[in-house]
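Peer 1: Let me begin by handing over the structure; questions about it come next.
There are 2 protein chains.
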Amino acid sequence: MITPRFDILGQAISDASRTQMLCELMEGRAYTNKELAAAAGVTPQTASAHLRLLQDAGLVVAQKRGRCVYHRLAGPEVAHALEQLAAIAPADSLHRAQQRKAGGLAQLRSCYDHLAGPLAVAMTRVFLDRGMLVEEQGAFRAEPAGEWLKLGVVLPEKTGRQPFARPCLDWTERKLHVAGPMGRQILDHALASGWVKRHRHKRGLLLTAPGRVALEQILDVRCGALAAA
Amino acid sequence: MITPRFDILGQAISDASRTQMLCELMEGRAYTNKELAAAAGVTPQTASAHLRLLQDAGLVVAQKRGRCVYHRLAGPEVAHALEQLAAIAPADSLHRAQQRKAGGLAQLRSCYDHLAGPLAVAMTRVFLDRGMLVEEQGAFRAEPAGEWLKLGVVLPEKTGRQPFARPCLDWTERKLHVAGPMGRQILDHALASGWVKRHRHKRGLLLTAPGRVALEQILDVRCGALAAA
DNA sequence: AAAACCCTTCGCCGCGCGCCGAACTGTCCG
DNA sequence: CGGACAGTTCGGCGCGCGGCGAAGGGTTTT
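Chains A and B supply the protein sequences, listed in that same order.
Each residue of the first sequence is one higher than the one before, counting from 1 in the numbering used here.
Each residue of the second sequence is one higher than the one before, counting from 1001 in the numbering used here.
The structure is reproduced here in structure tokens:
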């Protein structure tokens, strides 16, 4: 019997501090040692050791730039595998309560390279309701091209081996939202259009006023209602 | 930020003994404490503690029957998540060498509820070559119904939310084979027809002589050639 | 009833690892 | 050059956990 080295990966994610760091890195951005240390609530020395371990496990890659070292997830497969894990992870009701208490702050955030959070879940539901998106064989298929252009989505001529639009399970809602290349296109376009902004020190994304207007117009739905849903 | 409880899951799979047990359970069958203890190379007391932990993490469920306790994976999602993890796990070249040395013993085995191993990978390649199976949007779609009936596969009228045929990455080969409901149908039919048998104490499946004949006839391929490939 | 068997609980040992303080290297700035 | 800052290495502390032996329930067999 061949045993894949789960234990190496498992040991990498078995610690709460490393877990916290990985969750931070799931945003898709690169973070410095100090930032990740702060996120995990440990000293930089400790964080350094953790990141070394994550690097050895192949989950994280580091890039030196000046006197700073930027850490990021090793690739989309890593993010995807972690998503799958999150899907079967026991719900942390305590943290979820804190989340609800925090209000709309985390209504929208990025999940590796695409939009996530309740708002993204709601958007996906609208797409499905309108038939713009069809769930098929566990993957998403996009229907009419015209509608999507408004959201900055350019449909590819041929879908390669990787699904263009992949369903991704949201941690907080346990419902699907759009990942894959299409998800990335939407996020990129939203950032480029100024619809959403990255928070400087806080995690999560901020929906700007123009962004709210644009989404309301395109989706013909109140974003307030979306957020409330 | 909401952090899914990776750490609980991570701790569950961070240990080599538990890893070994999980790999055993990936076969899909239920195992007793003693069997799993032997597989992990520890005493029954230790295995009992491990299984308790896996149960608390929600990865494994136990069922008491007489004086024995049967353990199995909590569900297909768990198996799927572990598969994803295995896909990004570093290859264990040492064990792989042992595997090759062991010869054809593990040519065929079950992966939770469907066929796996080099032979299953080769079968899948045949399906793809013949156009019986088409990879689309990251899922498998089955083409003509007639051919499949010989393999015991009944195509569903409507594909539900879950993909009927899901590609599954083989641990040893790192190549795709057929999972999902279709994979289960094939395995069930192969067992019912006596094409393959479960080994009593060894892991893995045994391809019987009638099974070899049947597969050669249906697939029009030499199973020896398949196994050698 | 006694023996055999499966599993679990308890108590203990020893290693491993997460954590920090202190000290060192390397980079950027004035 | 000297100070500030990011990151790493080293040493030591202490908890946590995997491991086993011994003992205790339950169930099946003789």
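Heads up, the beta-carbon is just placed ideally off N, CA and C, and yes, glycines get one too.
Which residues does DSSP list as the beta-bridge partners of A:Leu22?
Peer 2: Stepping through the first sequence from its first residue, residue 22 of chain A is reached at position 22. Note: A:Leu22 sits in no beta bridge, so no partner.
Peer 1: Along the chain, where does the beta strand (DSSP E) that runs through A:Lys64 open and close?
Peer 2: Residue mapping note: residue 64 of chain A aligns to position 64 of the first sequence, counting from 1. Note, A:Lys64: beta strand (DSSP E), 60-65.
Peer 1: List, in chain order, every chain B residue whose beta-carbon is nearer than 9 Å to that of A:His50.
Peer 2: Working through the first sequence from its first residue, we reach residue 50 of chain A at position 50. Simply none; closest approach about 12 Å.
Peer 1: Would a check of beta-carbon distances place B:Glu1035 closer than 8 Å to chain A?
Peer 2: If you number the second sequence from 1, residue 1035 of chain B lands on position 35. Judged by the 8 Å Cβ criterion, B:Glu1035 is not in contact with chain A.
Peer 1: So the alpha helix (DSSP H) A:Lys150 belongs to, where does it begin and stop?
Peer 2: Reading the first sequence from its first residue, position 150 is the one you call residue 150 of chain A. From DSSP, A:Lys150 is part of no alpha helix (DSSP H); its letter is neither H nor E.
Peer 1: Along chain B, in chain order, which residues have C-beta atoms closer than 7 Å to that of A:Val42?
Peer 2: The count along the first sequence starts at 1 and reaches residue 42 of chain A at position 42. In chain order: nothing, as chain B lies at least about 14 Å away.
Peer 1: Identify every residue that forms a DSSP beta bridge with A:Thr32.
Peer 2: One-based indexing of the first sequence puts residue 32 of chain A at position 32. Paired residues: A:Tyr70.
Peer 1: So which residues of chain A does B:Ser1110 contact, with C-beta pairs closer than 7 Å?
Peer 2: Along the second sequence, one-based indexing puts residue 1110 of chain B at 110. In chain order: nothing, as chain A lies at least about 12 Å away.
Peer 1: Per DSSP, what kind of secondary structure is B:Glu1135 in: helix, strand or coil?
Peer 2: As a working mapping, residue 1135 of chain B is identified with position 135 in the second sequence. DSSP places B:Glu1135 in strand when its eight states are reduced to three.
Peer 1: According to DSSP, simplified to helix, strand and coil, what is B:Ser1017?
Peer 2: Here residue 1017 of chain B refers to the residue found at position 17 of the second sequence. Here B:Ser1017 sits in helix by DSSP.
Peer 1: If the cut is a Cβ gap below 8 Å, which residues of chain B does A:Ile13 touch?
Peer 2: In the first sequence, residue 13 of chain A corresponds to position 13, counting from 1. The contacting residues are Phe1006, Asp1007, Leu1009, Gly1010, Ser1014.
Peer 1: Beta-carbon separation of A:Ile8 and B:Phe1006 under 8 Å?
Peer 2: Reading the first sequence from its first residue, position 8 is the one you call residue 8 of chain A. Reading the second sequence from its first residue, position 6 is the one you call residue 1006 of chain B. No, Cβ-Cβ distance for A:Ile8 and B:Phe1006 is not below 8 Å.
Peer 1: In the DSSP assignment, what are the bridge partners of B:Val1178?
Peer 2: The residue you call residue 1178 of chain B lines up with position 178 of the second sequence. B:Val1178 is bridged to B:Pro1167.
Peer 1: Assuming A:Ala142 contacts A:Leu155 under a Cβ cut-off of 8 Å, what Cβ separation, rounded to an integer in Å, is found between them?
Peer 2: Here residue 142 of chain A refers to the residue found at position 142 of the first sequence. Here residue 155 of chain A refers to the residue found at position 155 of the first sequence. Going by Cβ atoms, the distance from A:Ala142 to A:Leu155 rounds to 6 Å, so yes, they are a contact pair.
Peer 1: Does A:Pro167 pass the burial test, meaning 16 or more other C-beta atoms within 10 Å, or should it be called exposed?
Peer 2: For the purposes of this step, residue 167 of chain A is taken as residue 167 along the first sequence, with counting starting at 1. Buried, because 16 or more other Cβ atoms sit within 10 Å of the Cβ of A:Pro167.
Peer 1: Run down chain A in chain order and give the residues with a C-beta less than 9 Å from the C-beta of B:Ala1142.
Peer 2: Against the second sequence, residue 1142 of chain B aligns to sequence position 142. Per Cβ cutoff of 9 Å: no residues; B:Ala1142 is ~10 Å from chain A at best.
Peer 1: Where do the N-terminal and C-terminal ends of the alpha helix (DSSP H) with A:Ser48 fall, by residue?
Peer 2: Locating residue 48 of chain A in the first sequence gives position 48, where the first residue counts as 1. Counting along the chain, the alpha helix (DSSP H) containing A:Ser48 begins and ends at 44-56.
Peer 1: Just to make sure I have the definition right: I need the residues of chain B whose C-beta is within less than 7 Å of the C-beta of A:Val78. Which are they?
Peer 2: As a working note, residue 78 of chain A is residue 78 in the first sequence. Within chain B, the residues near A:Val78 are Ile1088.
Peer 1: Does the Cβ of B:Cys1023 have 16 or more other Cβ atoms within 10 Å, making it buried, or fewer, making it exposed?
Peer 2: Sequence index remark: in the second sequence, residue 1023 of chain B carries index 23 (1-based). B:Cys1023 is buried by the Cβ-count criterion.
Peer 1: Are the region 76-85 of chain A and the region 143-150 of chain A touching, with three or more C-beta to C-beta distances below 8 Å?
Peer 2: With a cut-off of 8 Å, the region 143-150 of chain A and the region 76-85 of chain A do not count as touching, because too few Cβ pairs lie within range.
Peer 1: For B:Arg1029 and B:Gly1194, what's the separation of their Cα atoms in angstroms?
Peer 2: Counted from its first residue, the second sequence places residue 1029 of chain B at position 29. Counted from its first residue, the second sequence places residue 1194 of chain B at position 194. The alpha-carbon atoms of B:Arg1029 and B:Gly1194 are separated by roughly 18 Å.
Peer 1: For a cutoff of 8 Å on Cβ pairs, would you count B:Ala1139 as touching chain A?
Peer 2: As a working note, residue 1139 of chain B is residue 139 in the second sequence. Closer than 8 Å to some Cβ of chain A, the Cβ of B:Ala1139 qualifies, so yes.
Peer 1: To the nearest angstrom, how far is it from the Cα of A:Gly152 to the Cα of A:Ala214?
Peer 2: Within the first sequence, the letter at position 152 stands for residue 152 of chain A. Within the first sequence, the letter at position 214 stands for residue 214 of chain A. Going by the C-alpha atoms only, they are around 12 Å apart.
Peer 1: A:Cys68 to A:Pro144, Cα distance in whole Å?
Peer 2: Here the question's residue 68 of chain A lines up with position 68 in the first sequence. Here the question's residue 144 of chain A lines up with position 144 in the first sequence. Taking the straight line from one Cα to the other gives about 45 Å.
Peer 1: If you reduce the DSSP assignment to three classes, tell me which class B:Ala1039 lands in.
Peer 2: Working through the second sequence from its first residue, we reach residue 1039 of chain B at position 39. Three-state result, B:Ala1039: helix.
Peer 1: Which residues in chain A have a C-beta closer than 7 Å to the C-beta of B:Ala1081? List them in chain order.
Peer 2: To locate residue 1081 of chain B, count along the second sequence from 1; it is residue 81. Those within 7 Å of B:Ala1081 in chain A are Gln84, Leu85, Ala87, Ile88.
Peer 1: Applying the criterion that 16 or more other CB atoms from any shown protein chain within 10 Å of the CB defines a buried residue, is A:Gly117 buried or exposed?
Peer 2: Within the first sequence, numbered from 1, the residue matching residue 117 of chain A stands at position 117. A:Gly117 is buried by the Cβ-count criterion.
Peer 1: Based on the DSSP output, what are the partners of B:His1189 in its beta bridges?
Peer 2: Numbered from 1 along the second sequence, position 189 holds the residue referred to as residue 1189 of chain B. Beta-bridge pairing links B:His1189 to no other residue.
Peer 1: Going by DSSP in three states, B:Leu1205 sits in which element: helix, strand or coil?
Peer 2: One-based indexing of the second sequence puts residue 1205 of chain B at position 205. Correct three-state label for B:Leu1205: strand.
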